[in-house]
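Undergrad:
Number of protein chains: 2
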Amino acid sequence: MYKTHNFSAGPCILPNNVLQQASKSIINFDNNLSLIEISHRSQPFDEVMNNAKQLVKDLLSVPLGYSILFLQGGASLQFSMVPYNLMKINGTAVYLNTGTWATKAIKEAKKFGNVVVAADSCESNYSSIPKNYTFPKEYNYFHCTSNNTIYGTQIKNFPSLNGIMVCDMSSDIFSRKINIKDFDLIYAGAQKNMGPAGTTLVIIKDEILGKSGRDIPSMLDYNTHIEKNSMFNTPPVFSIYVSMLTLQWLKNLGGISYIENENIKKADLLYNEIDKNSIFEGTAQKEDRSNMNVCFKLKDKSKEQDFNNMCNNAKISGIKGHRSVGGYRASIYNAMPIESIEVLIDVMQKLEKK
Amino acid sequence: MYKTHNFSAGPCILPNNVLQQASKSIINFDNNLSLIEISHRSQPFDEVMNNAKQLVKDLLSVPLGYSILFLQGGASLQFSMVPYNLMKINGTAVYLNTGTWATKAIKEAKKFGNVVVAADSCESNYSSIPKNYTFPKEYNYFHCTSNNTIYGTQIKNFPSLNGIMVCDMSSDIFSRKINIKDFDLIYAGAQKNMGPAGTTLVIIKDEILGKSGRDIPSMLDYNTHIEKNSMFNTPPVFSIYVSMLTLQWLKNLGGISYIENENIKKADLLYNEIDKNSIFEGTAQKEDRSNMNVCFKLKDKSKEQDFNNMCNNAKISGIKGHRSVGGYRASIYNAMPIESIEVLIDVMQKLEKK
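Going down the list, the sequences are from chains A and B. Residue 345 is where the first sequence starts when you use the numbering used here, and the numbers rise one by one after that. Residue 345 is where the second sequence starts when you use the numbering used here, and the numbers rise one by one after that.
Structural data, given as structure tokens:
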């Protein structure tokens, strides 16, 4: 059924029927024209853009007063767009440092003003999520990363604050229920749970904009894209289309509450095996374990070659851990079937019995 | 043979065998995995990136000392990246204003410093390319737009200058011979002659960088992307892959010298008809006519509905002129077959005879 079990951290597995439909649309999307050779100003693409937005709205129950954008440049460009739009001149922003991506976001924000790092879990190599940190009296916004792909940690309870809440949800958006009203700006690169690389989803509360006092380059100004319905310039047509298909697939399945249950089931299955299998151990603190990226290692490193070979033979792909953590990482995003996790568990059990 | 004759200005027609190959790769690119679900750090995608770069190098004879990048954000983001990287604090840049896109580039540059507009053809609604303009004594760079899609004009002879030469070649790169050594920075959105929307080609002379004295956001710093081989962050995998296929198609056909001849043949055929057909007229000054975008109109506007209907019946698509010029625009990029132009000419002749 699944020829290759794709545990890649991103770009990553997409639903099979989405791939089939995308493949067909490359040949004939509308009136015998390919999806990628029609004008982005044409009615068929306008419908794609509006459908994609509506699906985001429906799936996440986005309330009035928020705009939904499909941009380019990934989370990495958001690292600069956020302070450009939200950090006042001589202002202060508060960041939570939970890993490599948060560190990169902090680096970019420092080019615009003062950054206060509320808490940092680098001493434990980001194996946990800091809690009970405090906020300065005045700050322009707070920024956090909801899920840390490299370390396999995930914020289970977001801090409550009075200020502006910005969250990089690149690797767990659409995987679990969130209350949009708790956030003022959410951004996410598409290439985990939303679609292929090449577009970035931004959900933003309109009223927080226009207050930084900066002369923002048009392409970095959220208001530019809000005014033009994400079509100030030619949008990444293919990536937005495939994102639309993937969100439609999710809605058809039963939406966020359905997939959240599935994701919990899948993650529990794999974490249970890691905990009971005598030769493996998890690398993230239990209470902060990510339901998207399951990081683990062999207690005895000499068994790695054996495990790698067995994974290869079982057609398990993309399971190598990030070089900064080592070991293994099974990324089990929305589109990952439980069957692939069972194949992985089977290999883990066979190695234990050897 | 060609079910629809796609004269769209961009995104636009792509070679049929490129579409076929792209469609297949969405299903199975490598080891039964889709192109859009593999890691961008995997060897198969690394090869795509390196092949795409090598094809640019080969097709345009890019000399040593230049870097080739595949970025995101289109020409519109380049409008800001260029001054961020090249305009010194309190520096001056010189721009040639040949239309809407040049005007947008100027608007963004003004956010960074002084802009001198060397010449501006707005009084003739950009129907010609200014010539014989002068340069100030000192400036950080000169910026021009090689082809103006909206107005159907094209720079045939680039000015020679001692300073840094920056050119937006979005709509005619890979369509004609250029001497890369005459330029220091060339950029081009993919969605005309290179591939689908979603990536931007940048060819840059390394030695011009690092001199603006600005603290550039990492994603807007060309050096960031040079150091990481365009993989500082997740690249737009699909757009780069299809660009690679399109450049390979061009190389297989015979490269730039072959396609330049074809493009001249195709443009001549259509312009000859416009000039000899008594009911049509061209809108751009003859010596500045673009070989990519052929703009024309009916002398008698009341015939438009008739012409539109005849075009529809002949399956001619995307021929409506830009709203700022009116009339018609036939975009005849590299992948446009001469047969489609013949169909258009046939319709024009039939209307004349009516």
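For glycine and all other residues, C-beta sits at the position ideal for the given N, C-alpha and C.
Of the residues that make up the stretch 580-594 of chain B, which ones have a beta carbon closer than 8 Å to any beta carbon in chain A?
TA: For the stretch 580-594 of chain B, which is checked against every Cβ of chain A, the residues closer than 8 Å are Pro580, Val581, Phe582, Ser583 and Val586.
Undergrad: Between Gly435/B and chain A, is there a C-beta pair that is closer than 8 Å?
TA: No - not a single Cβ of chain A is within 8 Å of the one on Gly435/B.
Undergrad: Taking only beta-carbon atoms, is Cys356/A less than 8 Å away from chain B?
TA: Yes, contact with chain B.
Undergrad: Would you tell me roughly how many angstroms separate the C-alpha atoms of Thr568/B and Ser646/B, rounded to the nearest one?
TA: Each residue's Cα considered, the two are about 55 Å apart.
Undergrad: Would you report the Cα separation of Val426/A and Ala453/A, rounded to the nearest angstrom?
TA: Computed Cα separation, rounded: 8 Å.
Undergrad: Spatial neighbours of Arg558/B within its chain, please: C-beta separation below 7 Å, excluding the five flanking residues on both sides.
TA: Around Arg558/B: Tyr428 and Ile433.
Undergrad: Just reading off the alpha helix (DSSP H) that Ile371/A is part of, what are its end residues?
TA: Taken as a continuous stretch (DSSP letters only), the alpha helix (DSSP H) holding Ile371/A covers Asn360 to Ile371.
Undergrad: Of all the residues that make up the stretch 356-378 of chain A, which are near chain B by a beta-carbon distance shorter than 8 Å?
TA: Hits within the stretch, in order: Cys356, Ile357, Leu358, Leu363, Gln364, Ala366, Ser367, Lys368, Ile370, Ile371, Asn375, Asn376, Leu377 and Ser378.
Undergrad: Starting from Leu421/A, find everything on chain B with Cβ-Cβ shorter than 9 Å and list it in chain order.
TA: Here the neighbours are Gln416, Gly417, Leu421, Pro561, Met563, Leu564 and Asn577.
Undergrad: Whose C-beta lies closer than 8 Å to the C-beta of Val460/A among residues of the same chain, with five residues either side of it excluded?
TA: Once the five neighbours on either side are set aside, the close Cβ partners of Val460/A are Thr436, Ala437, Val438, Tyr439, Pro480 and Tyr483.
Undergrad: Taking Cβ positions only, does Glu551/B come closer than 8 Å to chain A?
TA: No, Glu551/B lies away from the interface with chain A (no Cβ there is under 8 Å from its Cβ).
Undergrad: Is the beta carbon of Thr578/B sitting closer than 8 Å to the one on Gly533/A?
TA: Yes.
Undergrad: Bridge partners for Ser411/A per DSSP, in chain order?
TA: BP columns for Ser411/A point to Ile548/A.
Undergrad: Go ahead and pull the three-state DSSP assignment for Asn708/A.
TA: Absent from the model: residue 708/A. The displayed extent of chain A is 345 to 698, so no value can be given.
Undergrad: So, with DSSP's three-state summary, where would you put Lys572/A?
TA: Note: Lys572/A maps to coil in three-state DSSP.
Undergrad: For the candidate residues Ile547/A, Thr497/A and Ile603/A, whose alpha-carbon lies nearest to that of Gln629/A?
TA: Ranking Ile547/A, Thr497/A and Ile603/A by Cα distance to Gln629/A puts Thr497/A first.
Undergrad: Look at the Cβ atom of Glu625/B, then the Cβ atom of Lys643/B, and state whether they are nearer than 8 Å.
TA: Yes, Cβ-Cβ distance for Glu625/B and Lys643/B is below 8 Å.
Undergrad: Tell me which same chain residues have a C-beta within less than 7 Å of the C-beta of Leu553/A, skipping the five on either side of it?
TA: The residues are Asn429, Tyr566 and Asn567.
Undergrad: Once you ignore the five residues that flank Gln592/A on each side, which residues in its own chain have a CB closer than 8 Å to its CB?
TA: Within the same chain, Gln592/A has close Cβ partners Asn395 and Leu399.
Undergrad: Does chain A have any CB closer than 8 Å to the CB of Gln387/B?
TA: No - not a single Cβ of chain A is within 8 Å of the one on Gln387/B.
Undergrad: For Ile530/A, which residues in the same chain have their Cβ closer than 6 Å to its Cβ, ignoring the five residues on either side in sequence?
TA: Here the set comprises Cys511, Met513 and Ile547.
Undergrad: So who's on the other strand from Lys641/B, going by DSSP bridges?
TA: DSSP output for Lys641/B lists Glu625/B as bridge partner(s).
Undergrad: Please classify Ser622/B as buried or exposed, where buried requires at least 16 neighbouring CB atoms within 10 angstroms.
TA: Ser622/B should be labelled exposed.
Undergrad: Return the first residue and the last residue of the alpha helix (DSSP H) that Ser514/B is part of.
TA: No alpha helix (DSSP H) holds Ser514/B; DSSP gives it neither H nor E.
Undergrad: For Asn635/A, which residues from the same chain have a beta carbon less than 8 Å from its beta carbon, with the 5 sequence-adjacent residues on both sides left out?
TA: The residues are Gln498, Asp516, Ser519, Arg520, Asn607, Ile608, Lys610, Ala611 and Ile676.
Undergrad: At what residues does the alpha helix (DSSP H) containing Phe486/A begin and finish?
TA: Careful: Phe486/A lies outside any alpha helix (DSSP H), inside the beta strand (DSSP E) at Tyr485 to Thr489.
Undergrad: Taking 8 Å as the limit between beta carbons, can you name the residues of its chain near Asn350/B, skipping five residues before and five after?
TA: Cβ neighbours of Asn350/B beyond the five flanking positions: Cys356, Ile357, Ser661, Gly662, Met680 and Ser684.
Undergrad: State the DSSP-derived secondary structure class of Tyr439/A, mapped to helix, strand or coil.
TA: Strand at Tyr439/A.
Undergrad: Got a sec: which bits of the stretch 620-640 of chain A sit with their beta carbon under 9 Å from any beta carbon on chain B, in order along the chain?
TA: Going along the stretch 620-640 of chain A in chain order, one finds no residue with a Cβ nearer than 9 Å to chain B.
Undergrad: Taking only the alpha-carbon atoms, compute the straight-line gap between Ile584/B and Phe414/B and give it to the nearest angstrom.
TA: So the two alpha carbons sit approximately 7 Å from each other.
Undergrad: In terms of residues, what are the limits of the alpha helix (DSSP H) holding Ser634/A?
TA: Looking at the DSSP string, Ser634/A is not in any alpha helix (DSSP H), and its letter there is neither H nor E.
Undergrad: Relative to the C-alpha of Ser504/B, which candidate in Ser490/B, Asp526/B and Pro407/B has its C-alpha closest?
TA: The shortest C-alpha separation from Ser504/B is found at Asp526/B.
Undergrad: Mind the definition here: the stretch 363-381 of chain A touches the stretch 360-367 of chain B only if three or more C-beta pairs lie below 8 Å; say whether that holds.
TA: Yes, the stretch 363-381 of chain A touches the stretch 360-367 of chain B.
Undergrad: Could you give the first and the last residue of the continuous beta strand (DSSP E) run that contains Ala353/A?
TA: Looking at the DSSP string, Ala353/A is not in any beta strand (DSSP E), and its letter there is neither H nor E.
Undergrad: Is there a Cβ of chain A sitting closer than 8 Å to that of Pro407/B, yes or no?
TA: So, not an interface residue.
Undergrad: Spatial neighbours of Arg385/B within its chain, please: C-beta separation below 6 Å, excluding the five flanking residues on both sides.
TA: Closer than 6 Å at the Cβ level, and outside the excluded window around Arg385/B, lies no residue.
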